[in-house]
Amino acid sequence: MGRPERIRLGDVLVQRKVLSQEQLKFALEQQKRSGRRLGRVLVDNGFATEEGIAEALAQQFSLAFINLKFYNVRREILTKLNEAQARRLRAMVLEQRPAGLLVGVADPTDLFAYDELTRILKQPIELAVVAEGELVQTIDRAYRRTEEISGLARELEQDMATGYVDFAQLGATLGAEDAPVVRLLQSVFEDAAQIQASDIHIEPQEHRLQIRFRIDGVLHVQTEADTRVASAVALRLKLMSGMDISEKRLPQDGRFNVRVHDQEMDVRISTMPTQFGESVVMRLLNRGMGLLNLDNLGMPKDMLAHLREILNRVSGMVIVTGPTGSGKTTTLYAALSEVNTTARKIITAEDPVEYRLAGISQVQVNDKIDLSFTRILRSALRQDPDIVLVGEVRDAETAQIALRAAITGHLVLSTLHTRDAASTPIRLIDMGAPNYMVANSLHAVLAQRLVRVSCESCAEPYQPDAHELDWLRHVLGAAPERTAFARGRGCTHCNGTGFRGRTGVYELLEMTPVLVDAASRNELSGFMHAASQQIAGRTFLRHAIELALAGRTTLAEVMRISEVED
0 MGRPERIRLG DVLVQRKVLS QEQLKFALEQ QKRSGRRLGR VLVDNGFATE EGIAEALAQQ
60 FSLAFINLKF YNVRREILTK LNEAQARRLR AMVLEQRPAG LLVGVADPTD LFAYDELTRI
120 LKQPIELAVV AEGELVQTID RAYRRTEEIS GLARELEQDM ATGYVDFAQL GATLGAEDAP
180 VVRLLQSVFE DAAQIQASDI HIEPQEHRLQ IRFRIDGVLH VQTEADTRVA SAVALRLKLM
240 SGMDISEKRL PQDGRFNVRV HDQEMDVRIS TMPTQFGESV VMRLLNRGMG LLNLDNLGMP
300 KDMLAHLREI LNRVSGMVIV TGPTGSGKTT TLYAALSEVN TTARKIITAE DPVEYRLAGI
360 SQVQVNDKID LSFTRILRSA LRQDPDIVLV GEVRDAETAQ IALRAAITGH LVLSTLHTRD
420 AASTPIRLID MGAPNYMVAN SLHAVLAQRL VRVSCESCAE PYQPDAHELD WLRHVLGAAP
480 ERTAFARGRG CTHCNGTGFR GRTGVYELLE MTPVLVDAAS RNELSGFMHA ASQQIAGRTF
540 LRHAIELALA GRTTLAEVMR ISEVED
């Protein structure tokens with residue numbers, strides 16, 4: 000293809016009947032006032048989709064339209080443009096062809112970008128049209144900072160070896176962006192944000208410093224550096240979070256905020272002394288991502304409707320249960336968003352406060368000043384709340400106060416670490432809560448796990464091995480009638496893992512009259528039998544298996560999160 004014609008985007012979309020003249024006129028007026036690109040104005044107003052715009056442009060100029068969502072970008076081709084050039088020109092090199100390079104662009108009418116691409120790439124280029132949003136997301140994922148981080152780590156190693164790094168001065172000059180340790184951490188945070196890692200682990204080993212990211216619940220090695228780097232990195236992070244930099248023998252916890260590109264992130268940090276230095280783990284909480292609502296959790300529709308009915312009651316206790324990292328806090332925040340209105344007073348006791356919610360009084364537990372869950376809960380009940388959230392029921396006293404609050408006209412939400420929904424009421428009784436209080440206060444238990452979802456960009460059919468099929472038949476009691484097993488082979492969209500994102504699997508136990516009666520009379524075996532019957536066929540394990548049968552996850556992933564023995 001030669002140099003493209005210069006045709007205005009609006010005229011193309013009207014000609015292709017994507018827009019009306021009235022919509023174009025309105026959008027152009029908005030564009031003039033706001034200074035935003037016309038395409039963004041059209042999408043924000045709902046006049047057109049990014050895919051619709053891209054397809055219309057492709058048809059107009061007889062170009063290919065490529066859906067990057069299903070395109071596996073090869074890094075060795077991609078890097079013919081550096082990240083800054085790709086973002087500035089809104090372009091990405093996709094393939095090396097005999098006649099030249101195939102380049103995906105968001106706007107084929109941009110003559111300046113075409114001339115710049117020809118000058119930079121020094122090869123004939125063939126254009127293809129891609130949706131702008133997918134282009135930006137692909138750039139975020141594909142231009143990983145692995146090499147940059149490794150290079151900065153090596154640079155810091157060299158500075159350490161020369162003995163010229165003044166740690167005290169380095170820690171005091173927070174704005175010294177040219178300091179290798181600062182640039183190393185900045186790159187680590189930027190890379191973690193781009194791939195939506197939930198945690199950063201910085202772990203000193205005997206001979207190497209290992210940096211790992213937790214992505215979709217699984218740790219992946221990001222890079223390694225000389226172990227002498229560890230103390231400089233730990234010192235810098237301690238200064239950023241206000242910790243005691245002289246204390247290296249005891250664990251410490253802290254928190255700080257960091258801006259990565261245009262994203263604001265809360266970082267919870269924990270240090271722990273190990274044999275070879277201080278291990279640092281950071282939990283990343285992206286403020287800009289917003290909270291999930293109940294509709295987006297992946298809960299079955301009938302279960303979701305039932306849960307909503309329970310959450311709209313004026314009193315009672317709802318417990319979300321599951322192991323650490325099973326998404327309990329996300330579910331609780333989604334539930335709070337559901338019930339958060341100006342007519343309700345909501346108070347939370349949390350350790351820690353992970354997300355800040357408008358209109359809600361959130362209190363951070365602080366054991367150093369004896370501000371415990373119990374103390375906060377006692378005070379909260381004197382603040383005339385309608386809804387109380389207790390981050391976790393950890394002891395008998397907290398359990399009894401929470402249950403009593405549920406009896407006396409408050410809706411109480413909390414979490415507990417139990418194996419499944421049926422065993423949760425028994426656990427409360429074992430903790431010392433009176434039978435009658437559990438029976439009359441507890442309204443529902445939601446048990447959950449998180450399973451990784453197969454990457455839709457590279458998913459392909461597969462046949463599970465014999466062990467997996469035997470396990471499936473054992474759990475279901477028979478071979479399934481219909482299957483559509485699929486798994487990701489690994490691509491740039493999923494960082495080669497075959498999985499992209501996670502979804503919840505759930506089971507809901509409601510305290511029916513039969514269960515209330517059994518709990519009140521302390522008939523634990525009868526209670527467990529009735530509870531098991533109520534959720535039979537609707538357990539979180541069965542939910543996960545249904546996802547695997549539909550090709551949304553793998554049987555191996557379901558087995559990983561299950562606690563059912565062969």
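Take 0 as the starting number for the sequence shown in numbering that gives the first Met the number 0 and just add one per residue.
Here a beta-carbon is modelled for each residue, glycine too, at the ideal position from N, C-alpha and C.
Could you name the residues of the same chain whose beta carbon sits closer than 6 Å to that of residue i, not counting the 5 residues immediately before and after it, in chain order?
i      : result
Ala458 : Ala485, Gly487
Ala395 : Met430, Gly431
Ile52  : Gly38
Val411 : Met316, Val387, Ala401, Ala404, Ala405
When the Cα of residue i is compared with those of the options, which residue comes out closest?
i      : options                        : result
Thr273 : Leu293, Phe212, Ile201         : Ile201
Gln251 : Ala231, Val280, Glu223         : Val280
Ala196 : Arg499, Leu507, Ile76          : Arg499
Val259 : Thr226, Leu184, Arg267         : Leu184
Arg89  : Lys121, Ala130, Ala55, Thr407  : Ala130
Gly276 : Gln204, Thr320, Ile244, Glu94  : Gln204
Asn365 : Pro351, Leu475, Glu82          : Pro351
Thr320 : Gln58, Gln84, Asn439, Glu506   : Glu506
Asn521 : Gln209, Leu12, Asn434          : Asn434
Ser269 : Gln262, Asp261, Asp243         : Asp243
Glu75  : Phe64, Thr117, Met91, Phe60    : Met91
Arg312 : His442, Met510, Arg377         : His442
Leu554 : Ala105, Gln533, Arg472         : Arg472
Cys493 : Asn285, Gln95, Lys247, Thr137  : Thr137
Leu480 : Val504, Glu545, Thr511, Ser453 : The question names Leu, yet the displayed sequence has Glu at residue 480. Among Val504, Glu545, Thr511, Ser453, the Cα nearest to that of Glu480 is on Glu545.
Leu134 : Arg96, Ser519, Thr491, Cys454  : Thr491
Classify residue i: buried if its beta carbon has 16 or more other beta carbons within 10 angstroms, exposed otherwise.
i      : result
His542 : buried
Ile318 : buried
Thr417 : buried
Ala404 : buried
Lys300 : exposed
Gly103 : buried
Gly46  : Strictly speaking, residue 46 in this sequence is Phe, with Gly absent from that position. Buried, because 16 or more other Cβ atoms sit within 10 Å of the Cβ of Phe46.
Asn256 : exposed
Ser597 : Given that the chain is displayed from residue 0 to residue 565, the structure contains no residue 597 and the question cannot be resolved.
His409 : buried
Arg393 : buried
Asn44  : exposed
Gly9   : buried
Ile375 : buried
Pro179 : buried
Leu116 : buried
Arg7   : exposed
Gln193 : buried
What residues in its chain sit with their C-beta under 7 Å from that of residue i, if we drop five residues either side in the sequence?
i      : result
Ala191 : Ile199, Phe212, Leu283
Arg451 : Asp215, Gly216, Phe498, Arg501, Thr552, Glu556
Thr373 : Glu396, Thr397, Ile400
Leu56  : Val11, Pro107, Val128
Gln22  : Phe46
Asp177 : Unreliable positioning characterises Asp177 in this predicted model, as indicated by a pLDDT of 44, which lies under 50. A coordinate reading is not provided.
Arg86  : Ile138
To which residues of the same chain is residue i closer than 8 Å at the C-beta, ignoring the five residues directly before and after it?
i      : result
Asp294 : Leu303
Leu249 : Pro272
Glu349 : Gln361, Val362, Gln363, Val364, Leu388, Gly390
Phe166 : At Phe166, the pLDDT of 32 sits below 50, so the modelled position is not reliable and the matter cannot be decided from this model.
Ile425 : Leu523, Phe526, Met527
Taking a contact to mean a Cβ-Cβ separation below 8 Å, would you say residue i touches residue j in this structure?
i      : j      : result
Gly99  : Ile119 : no
Leu508 : Ala379 : no
Ala456 : Lys68  : Per the sequence shown, residue 456 should be read as Ser rather than Ala. Yes.
Val42  : Glu49  : yes
Gln462 : Phe539 : no
Ala127 : Leu77  : no
Asp383 : Ile345 : no
Glu223 : Arg207 : yes
Leu514 : Ala530 : yes
Val220 : Ala141 : no
Thr482 : Leu427 : no
Thr328 : Glu353 : yes
Leu310 : Ala334 : yes
Gln532 : Thr511 : no
8 Å is my cut-off, CB to CB: does residue i come that close to chain C?
i     : result
Arg86 : In the displayed structure, chain C is absent; only one protein chain is listed.
Item to complete: Mind listing, in chain order, the continuous beta strand (DSSP E) runs of no fewer than 3 residues lying wholly within the segment 205-248?
Response: 207-214, 217-225
Fill in: Segments assigned alpha helix (DSSP H), at least 4 residues, entirely inside the segment 14-60
20-33, 37-43, 49-59
Discussion item. Restricting to runs no shorter than 4 residues, where is the alpha helix (DSSP H) found entirely within the segment 452-499?
Written reply: 465-475
Practice prompt. List in chain order: all unbroken beta strand (DSSP E) runs of 3+ residues lying wholly within the segment 66-97.
Written response: 90-96
Worksheet item: Residue ranges of each alpha helix (DSSP H) run of no fewer than 4 residues wholly in the segment 365-445, ordered along the chain?
Response: 372-379, 395-406, 423-429, 434-440
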